[in-house]
Amino acid sequence: DVIRGEILNHAHISMANTLVVTMDDGHAAERLVEHAQKHWPDLHVLARAKDLNHAQKLITLGAHDVILETVEASLQISGIILKRLGIEERKIVSRIEQQRQEENRNEDNIASPKDCNPKPD
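Counting in the working numbering, the sequence shown runs from 419 upward without gaps.
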């Protein structure tokens, strides 16, 4: 189990400024986020979420930034399709970045604004 002290200590988590959580097991990811928040409250937590409900849970447990895996995968697939349709690369990059920013604004509505703001450096 990843939240066992010796594993995290071996990874020098006490020296880290960010913990990236990308586990396929959603419950394990939640336990890790909660454990990190409890033991290293100043540690910035970036987590991958399966869906909006999972994102809400991760934020509630202490994640500072959450990436929805379905959204990011969809953006990348869209980029490939647009490229295959002959759209200029710069237009694709611009459009995908616009959509990504829109999705990030939508994700900010998952929890209260104070919960979604990253900790200052």
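All C-beta atoms, glycine included, are put in the ideal place defined by N, C-alpha and C.
The DSSP-derived three-state label of V420 is coil.
The three-state reading of DSSP puts A467 in strand, counting E and B together. R502 counts as exposed, since fewer than 16 other beta carbons sit within 10 angstroms of its beta carbon.
Taking C-beta atoms as the reference points, I514 and L486 fail to come closer than 9 Å. Looking at the DSSP output, D483 shares a beta bridge with L464. Shortest Cα-Cα distance from E490 to any of E521, W458, Q455 and I425 involves E521. The Cβ atoms of T440 and A447 sit closer than 9 Å to each other. In this structure, DSSP gives L450 a helical state, which the three-state scheme calls helix.
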